[in-house]
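Following the UniProt record's numbering, the numbering of the sequence shown begins with 1 at its first residue and continues without gaps.
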Amino acid sequence: MPEPAEKATELFRQMNKNRRDVFKAYQGFTAAIKKGSAIEDKYQSLILIACSILTQCDMCISLHVQNAVTHGATKDEIIDAGLLAVAMGGSPKMMHMRYVYEELDKLYE
Numbered sequence: 001m002p003e004p005a006e007k008a009t010e011l012f013r014q015m016n017k018n019r020r021d022v023f024k025a026y027q028g029f030t031a032a033i034k035k036g037s038a039i040e041d042k043y044q045s046l047i048l049i050a051c052s053i054l055t056q057c058d059m060c061i062s063l064h065v066q067n068a069v070t071h072g073a074t075k076d077e078i079i080d081a082g083l084l085a086v087a088m089g090g091s092p093k094m095m096h097m098r099y100v101y102e103e104l105d106k107l108y109e
């Protein structure tokens, strides 16, 4: 079974193939947000992990955990970012911490 990040990559390919105009506009929008941001990449990734848990998107969790590690976030920082989302969202969000732990297990072991 494909990993969540692989599923997301395939989705992006499909979107780019079928609606390149919309996909490129979305990519431009997200690039514009990051460009010149006062928030460092590591912290952006940690915020996005929390947002991904709140929106319950396993593909997003996987991608943003990978990005956080790439940008120097520690395992503890990633877990704490996830737990902040749990604090805001309660038990349903806690269930999505499983995706954080799964991704961390792959990246740190």
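Just so it is clear, CB atoms sit at the ideal spot from N, CA and C, and this is done for glycine as well.
For Ala-50 and Leu-84, believed in contact at Cβ under 8 Å, the rounded distance: If you number the sequence shown from 1, residue 84 lands on position 84. If you number the sequence shown from 1, residue 50 lands on position 50. The distance from the Cβ of Leu-84 to that of Ala-50 is about 5 Å, consistent with a contact at the 8 Å cut-off.
Separation of Asn-16 from Glu-77, as counted between CA atoms: Locating residue 77 in the sequence shown gives position 77, where the first residue counts as 1. Locating residue 16 in the sequence shown gives position 16, where the first residue counts as 1. About 33 Å.
Residue nearest to Gln-56 in terms of C-alpha spacing, selected from Gln-44, Asp-80, Phe-23, Val-86: The sequence position of residue 56 within the sequence shown is 56, counting from 1. Selected option, being the one with the closest Cα: Val-86.
Under 8 Å between C-beta atoms of Lys-7 and Met-59: Reading the sequence shown from its first residue, position 7 is the one you call residue 7. Reading the sequence shown from its first residue, position 59 is the one you call residue 59. Going by beta carbons, Lys-7 and Met-59 fall inside the 8 Å limit.
Collapsed DSSP secondary structure at Arg-19 in the structure displayed: Residue 19 sits at position 19 when you count from the first residue of the sequence shown. Looking at Arg-19 - three-state DSSP - the assignment turns out to be coil, as it is neither helix nor strand.
C-beta atoms of Leu-46 and Lys-93 nearer than 8 Å: Against the sequence shown, residue 46 aligns to sequence position 46. Against the sequence shown, residue 93 aligns to sequence position 93. In this structure, Leu-46 lies away from Lys-93, with their beta-carbon atoms at least 8 Å apart.
As assigned by DSSP and simplified to three states, the class of Glu-40: Here the question's residue 40 lines up with position 40 in the sequence shown. If DSSP states are grouped into helix, strand and coil, Glu-40 belongs with coil.
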